[in-house]
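Data block below; observations after.
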Amino acid sequence: VVKDDVLSNSLAAYQNLLSAQQSLGEANWQEAAQNFSSAQAGFEQAEGEIKKLGQLTLNILEKLPGGQLVSSGEHLVKVGQNLARAGQSMALAINGFSLSNLFSLVDSANLAESDVSAGGNSLTDLLGDSQNSLNVALVGIKLAREELEQVKVESLPVNLQEGVNSLNKKMPLIEKTLEQLAGYSAALLNILGQDNPRQYLLIFQNNSEMRATGGFIGTYGLLTLDRGAIKDIFVEGIFNIDGQLREKIIPPRPIQKISTAWSMHDANWFADFPTSAGKVAWFYEKTGGPTVDGIISLTPTVIERLLGLTGPMAMPEYEVVLTADNFVELVQYEVEIDYDKELNQPKKILADFVPQFIQGLNQLSDSQRKEALAIIFNALEEKHLLTYFKDASLEKLAVDEGWAGQLLTTEKDYLSVVSSNINGYKTDRVIQESIEHQAEIQEDGSIVDTLTITRRHQGGSAQYDWWNRVNANYLRVYLPQGSQLISAVGQSLEIYQPPIDYQKQGFKKDSLVDSIENKMTIDQKTGTHIFEENGKTVFGNWLYVSPGQTVTLTYQYKLPFKINLNKSNDSYSLLAQKQSGSLGSQFSHQLKFPADWSLSWQYPDQASRSANTWQFKTDLSLDRFLGVTFEF
Numbered sequence: 004v005v006k007d008d009v010l011s012n013s014l015a016a017y018q019n020l021l022s023a024q025q026s027l028g029e030a031n032w033q034e035a036a037q038n039f040s041s042a043q044a045g046f047e048q049a050e051g052e053i054k055k056l057g058q059l060t061l062n063i064l065e066k067l068p069g070g071q072l073v074s075s076g077e078h079l080v081k082v083g084q085n086l087a088r089a090g091q092s093m094a095l096a097i098n099g100f101s102l103s104n105l106f107s108l109v110d111s112a113n114l115a116e117s118d119v120s121a122g123g124n125s126l127t128d129l130l131g132d133s134q135n136s137l138n139v140a141l142v143g144i145k146l147a148r149e150e151l152e153q154v155k156v157e158s159l160p161v162n163l164q165e166g167v168n169s170l171n172k173k174m175p176l177i178e179k180t181l182e183q184l185a186g187y188s189a190a191l192l193n194i195l196g197q198d199n200p201r202q203y204l205l206i207f208q209n210n211s212e213m214r215a216t217g218g219f220i221g222t223y224g225l226l227t228l229d230r231g232a233i234k235d236i237f238v239e240g241i242f243n244i245d246g247q248l249r250e251k252i253i254p255p256r257p258i259q260k261i262s263t264a265w266s267m268h269d270a271n272w273f274a275d276f277p278t279s280a281g282k283v284a285w286f287y288e289k290t291g292g293p294t295v296d297g298i299i300s301l302t303p304t305v306i307e308r309l310l311g312l313t314g315p316m317a318m319p320e321y322e323v324v325l326t327a328d329n330f331v332e333l334v335q336y337e338v339e340i341d342y343d344k345e346l347n348q349p350k351k352i353l354a355d356f357v358p359q360f361i362q363g364l365n366q367l368s369d370s371q372r373k374e375a376l377a378i379i380f381n382a383l384e385e386k387h388l389l390t391y392f393k394d395a396s397l398e399k400l401a402v403d404e405g406w407a408g409q410l411l412t413t414e415k416d417y418l419s420v421v422s423s424n425i426n427g428y429k430t431d432r433v434i435q436e437s438i439e440h441q442a443e444i445q446e447d448g449s450i451v452d453t454l455t456i457t458r459r460h461q462g463g464s465a466q467y468d469w470w471n472r473v474n475a476n477y478l479r480v481y482l483p484q485g486s487q488l489i490s491a492v493g494q495s496l497e498i499y500q501p502p503i504d505y506q507k508q509g510f511k512k513d514s515l516v517d518s519i520e521n522k523m524t525i526d527q528k529t530g531t532h533i534f535e536e537n538g539k540t541v542f543g544n545w546l547y548v549s550p551g552q553t554v555t556l557t558y559q560y561k562l563p564f565k566i567n568l569n570k571s572n573d574s575y576s577l578l579a580q581k582q583s584g585s586l587g588s589q590f591s592h593q594l595k596f597p598a599d600w601s602l603s604w605q606y607p608d609q610a611s612r613s614a615n616t617w618q619f620k621t622d623l624s625l626d627r628f629l630g631v632t633f634e635f
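Residues are numbered in the working numbering as their position in the sequence shown, beginning at 1, plus a constant of 3.
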């Protein structure tokens with residue numbers, strides 16, 4: 004009778020577990036929690052039936068032939084019980100991260116002081132409850148894994164063994180996933196200001212005027228988050244605060260063509276965003292701004308994509324209706340031409356737009372909110388949205404997830420082509436760029452790369468003058484450290500002359516810029532600047548392209564490593580990183596190798612091969628990894 008009761012309760016409980024799993028898949032969190040709760044009750048009843056036998060009886064049964072089945076059955080019931088408890092907590096945790104909760108962040112009135120004093124739940128209160136549920140779920144999974152390790156699979160009926168073996172394999176992944184979720188949850192609570200308000204510097208990088216990390220910083224803002232709500236947001240043109248700077252810092256040499264002093268709007272000079280963000284934050288503090296907890300950067304591309312969801316936004320004061328299609332050109336027109344000259348606040352339209360835009364996001368439907376989250380995560384992946392945190396653990400998370408815009412390290416070939424528009428107006432909006440990369444492996448295993456960068460100016464007859472100017476670009480290519488230049492063709496030669504006597508004027512050197520420029524060499528044949536930055540060898544040159552014209556720059560260089568011919572096999576790979584904020588250059592890679600070598604592996608699979616050539620075409624809307632393994 005006890006056996007039948009145990010079996011009946013266990014089968015019913017496992018059926019509830021399956022139903023709960025289905026509910027999770029359908030995002031029905033409340034139903035999932037109820038099913039997990041029913042499963043837990045069933046397993047507890049099964050455990051109660053087992054306990055009726057008494058420990059003495061169980062010990063005797065375990066010593067008899069087939070006794071392992073009794074012991075394993077007891078452990079399996081506890082596995083189910085702990086899984087059910089963990090599942091119930093996990094369903095509650097996930098429900099806390101609902102779209103309605105997360106989007107309450109964009110409702111600036113969500114957490115008014117009166118609401119808190121009256122006992123209203125803040126976003127971080129809700130997420131804190133979810134964090135606690137995740138921790139309970141994690142404990143349940145660990146206990147279930149420990150019980151599962153006590154099960155003698157070979158003693159179970161054959162029809163159960165496959166399921167138990169499968170569960171054994173999945174448990175470590177489930178545990179690791181929950182640990183990651185708990186870590187993300189804790190990080191989110193930190194970012195949202197669970198314990199204390201957090202302040203983030205917002206930088207709007209205009210990718211119509213490219214700079215190393217995404218674009219010229221023409222507008223900035225200060226965002227204050229308190230317990231998961233926007234407590235305050237302030238936006239203005241960057242030159243307002245740059246005018247408060249008292250420090251006199253010598254800028255990087257290319258910047259000296261347009262500015263004798265370095266300041267916040269030019270501080271995003273380094274292709275590695277954590278490095279540039281640190282400089283931006285430093286300049287911000289030197290202008291009298293507060294010490295911030297981090298920096299959030301975005302390009303107009305993010306706004307354009309989200310406007311596709313919110314729909315048009317009328318701004319009667321400016322007599323414009325902003326849409327996904329006209330946002331960049333109309334805002335640019337208001338900023339450059341149609342602003343109040345007496346008030347002299349050209350960026351006021353953006354300051355007025357931001358609150359209205361936030362309100363529009365708050366009014367999205369549930370399905371649109373899912374699309375908005377997808378847009379945000381895509382923007383992070385495509386590096387139109389970047390984050391930087393002073394907190395080391397948060398910054399590590401951003402780096403690990405690829406949200407920090409950092410230059411990546413790799414043992415093999417590497418490439419990143421980085422443009423910096425220096426007095427080239429907004430012409431990057433009408434530049435079409437293609438990048439062709441060829442690696443040719445020599446008979447001795449050495450590798451010579453040929454890089455061809457073609458930039459075509461599609462302006463000249465555009466509606467707005469800022470798209471019809473010469474595109475002036477200090478272009479850098481980041482390569483494996485130790486790469487040796489062989490040749491460069493297509494660049495414009497310029498001789499550096501400081502605009503003023505910096506020493507007499509009392510300017511200070513920036514330690515990082517100084518360390519880079521002091522070690523920089525200039526190739527006598529080509530005028531190419533060769534230096535080290537963030538663990539890469541960098542080639543720098545000026546490139547100018549007039550409206551309607553096309554310019555091509557070609558580098559040939561030798562890589563610092565060889566294919567190891569002393570082994571039976573070796574590999575070649577290329578990591579091609581897109582420039583942050585870029586809309587995605589056309590990109591092609593071609594690998595040539597000795598005819599008697601064979602390929603045993605390739606990535607991606609779609610790459611094509613003919614004879615001793617392997618090639619792949621794509622774009623750099625994302626970072627790209629390519630690789631092959633040779634047999635010889």
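The beta-carbon is built from N, C-alpha and C at its ideal position, and this holds for glycine as well.
A quick note: this is a predicted structure, and the numbers were derived from the prediction, not measured.
Query, Result
"Identity of the residues DSSP links to Val331 by a beta bridge", "Paired residues: none, contrary to the question."
"Own chain partners of Ala280 with C-beta closer than 7 Å, once the 5 adjacent residues on each side are dropped", "Ile298, Tyr391"
"Cutoff 6 Å; reference Asn62; Cβ partners in own chain excluding five residues on either side", "A caution first: Asn62 carries a pLDDT of 43, below 50, which makes its placement in the model too unreliable to give a value."
"The region 474-494 / the region 451-465 touching (three or more Cβ pairs under 8 Å)", "yes"
"Segments assigned alpha helix (DSSP H), at least 4 residues, entirely inside the region 264-308", "276-289"
"Coarse secondary structure for Ser591, derived from DSSP in three states", "strand"
"Distance cut-off 7 Å: Val338 Cβ against heavy atoms of the ligand SAH", "As for the ligand SAH, it is missing from this structure, which has no ligand bound."
"Endpoints, alpha helix (DSSP H) assigned at Ser370", "369-384"
"From Lys351, Val473, Gln445, Ile533, residue whose alpha carbon lies closest to that of Glu239", "Lys351"
"Start and end residues, alpha helix (DSSP H) containing Ser514", "514-521"
"Neighbourhood of Phe628 by C-beta distance below 6 Å, restricted to the same chain and skipping five residues each side", "Leu578"
"Candidates Asp128, Thr302, Gly311: closest to Arg230 by CA position", "Asp128"
"Boundaries of the beta strand (DSSP E) in which Gln506 is found, first to last residue", "First-last for Gln506: undefined, no H or E at that position."
"Residues bridged to Ile220 [DSSP beta-bridge criterion]", "Gln208"
"Continuous beta strand (DSSP E) stretch holding Tyr630: start and end", "Here residue 630 turns out to be Gly, not Tyr, going by the sequence shown. Its beta strand (DSSP E) spans residues 627-634."
"Boundaries of the beta strand (DSSP E) in which Ala579 is found, first to last residue", "572-580"
"Rounded separation between Asn567 and Ile533 - CA only", "27 Å"
"For Gly311, the three-state DSSP class (helix, strand or coil)", "helix"
"As assigned by DSSP and simplified to three states, the class of Val421", "strand"
"Residue interval of the alpha helix (DSSP H) (run including Ala401)", "395-404"
"Asp355 versus Ala147: straight-line alpha-carbon distance, rounded", "54 Å"
"Segments of 3+ residues assigned as beta strand (DSSP E) that fall wholly inside the region 456-504", "474-483, 487-492"
"Cα-Cα separation between Glu634 and Asp447, rounded to whole angstroms", "15 Å"
"Best match in Val283, Leu546, Thr302 for proximity to Val420 [C-alpha to C-alpha]", "Leu546"
"CA nearest to the CA of Ile253, picked from Gly427, Glu150, Gly538, Pro502", "Pro502"
"Run of the beta strand (DSSP E) containing Phe534, from where it starts to where it stops", "532-536"
"As assigned by DSSP and simplified to three states, the class of Ile566", "coil"
"Beta-bridge pairing of Phe237 - partner residues as DSSP gives them", "Leu225"
"Span separating the alpha-carbon of His387 from that of Arg214", "13 Å"
"Spatial distance of Phe219 from Ala377 (CA atoms)", "26 Å"
"Validate contact between the region 425-438 and the region 461-476 using beta carbons, cut 8 Å, 3 pairs", "yes"
"Cβ neighbours of Thr313 in the same chain (closer than 8 Å, five flanking residues each side left out)", "Phe360, Gly363, Leu364, Gln366, Leu367"
"C-alpha distance - Gly221 paired with Asp504, whole-angstrom precision", "28 Å"
"CA-to-CA distance, Val283 to Thr557, given in whole angstroms", "33 Å"
"Candidates Thr621, Pro319, Leu594, Ser423: closest to Ser613 by CA position", "Leu594"
"Endpoints, the alpha helix (DSSP H) within which Glu152 is located", "126-152"
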